[in-house]
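Under the numbering used here, the first residue of the sequence shown carries the number 2, and numbering increases by one thereafter. Cβ coordinates follow ideal geometry from the N, Cα and C atoms, glycine included. Computed from a prediction, not measured in an experiment: that's the story for all the values here. A quick write-up on the structure given underneath.
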Amino acid sequence: MAKRWTRTRRRRERNLSCLVIRPAILLILLTCSAAAVSRSVWDGVFSKVQVRRGQTVYREECAKCHGENLTGGEDAPPLVGNAFLKKWQGKTAGDLFEVIRKTMPSEDPGTLSRRQYADIVAYILNTNDFPAGEKELDSASAALDEIRIELKR
Ligand code: HEC
């Protein structure tokens, strides 16, 4: 009688540990995979050196239409400020990179290297007051697609 009781209790304990441990493992896995895709423009995703390079290319290739300070021109929209950020909010650095690479400079789309386009994206993000970090913004789509553009931290 006593023996059977212990066995049932053990089984019950095993069931209980499954109930606790399995969801815990699942939660850890979910957190890890979420961490892999939850970088945002607030996480220091470009470097200061890169921003300076981007500024040089921007001045040569983009400033005549979008303005020295990215505030826009006669036809070209601003690349800085609330209207710009609201439009890009929820999209990724990869989306911005691709639009620029495929359509800009408008008279000669796609003529710059991926590195130069990434440098320009870094420069645009920096001008929109997102923080610089240690590493450069990667020019590979897979890496760029992981960085979300968010208005708030
Ligand atoms: C000859 C003028 C001209 C040049 C040079 C130019 N752009 Fe543009 N750009 C435009 C115009 C006009 C639009 C709006 C086009 C549209 O909405 O279809 C635009 C749109 C954009 C947009 C989309 C803005 C938004 O909020 O949707 C981005 C980003 C952009 N340009 C970046 C650049 C960058 C970076 C360069 C330099 C590599 C560049 N442009 C060079 C004229 C120009």
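Could you give the C-beta distance for residue i and residue j, rounded to a whole number, given that I count them as a contact under 8 Å?
i           : j           : result
residue 152 : residue 51  : Not quite, the Cβ-Cβ distance comes to about 22 Å (not below 8 Å), so this is no contact.
residue 119 : residue 142 : Going by Cβ atoms, the distance from residue 119 to residue 142 rounds to 10 Å, so no, they are not a contact pair.
residue 122 : residue 98  : 5 Å
residue 74  : residue 66  : 5 Å
Here's the rule: buried if 16 or more other CB atoms are within 10 angstroms of the residue's CB, otherwise exposed. What is residue i?
i           : result
residue 100 : exposed
residue 149 : buried
residue 111 : exposed
residue 25  : exposed
residue 70  : exposed
residue 90  : exposed
residue 60  : exposed
residue 95  : buried
residue 102 : buried
residue 45  : exposed
Looking at the C-beta of residue i, does it have a partner C-beta in chain C at a distance below 9 Å?
i           : result
residue 150 : In the displayed structure, chain C is absent; only one protein chain is listed.
Among the residues of its own chain, which have a CB less than 7 Å from the CB of residue i, if the five just before and after it don't count?
i           : result
residue 154 : 43
residue 48  : 133, 134, 135, 136 and 137
residue 114 : none
residue 131 : 42 and 43
Looking at the unbroken alpha helix (DSSP H) that takes in residue i, where does it start and where does it end?
i           : result
residue 58  : 49-62
residue 109 : Taken as a continuous stretch (DSSP letters only), residue 109 belongs to no alpha helix (DSSP H), as it is neither H nor E.
residue 104 : 94-104
residue 120 : 115-128
residue 145 : 142-145
residue 83  : 83-89
In chain order, what residues of the same chain lie with their CB nearer than 8 Å to the CB of residue i, ignoring the 5 residues before and after it?
i           : result
residue 81  : 70, 71, 72, 125, 128 and 129
residue 93  : 145, 146, 147, 148, 149 and 150
residue 76  : 66
residue 116 : 140
residue 68  : 74, 77 and 79
Enumerate in chain order the residues of its own chain whose CB-to-CB distance from residue i is below 6 Å, with the five nearest sequence positions on each side excluded.
i           : result
residue 62  : 106
residue 104 : 110
| Residues near ligand 1, CB to any non-hydrogen atom under 6 Å, in chain order? | 62, 63, 65, 66, 67, 76, 77, 78, 80, 85, 88, 100, 101, 105, 106, 107, 108 and 121
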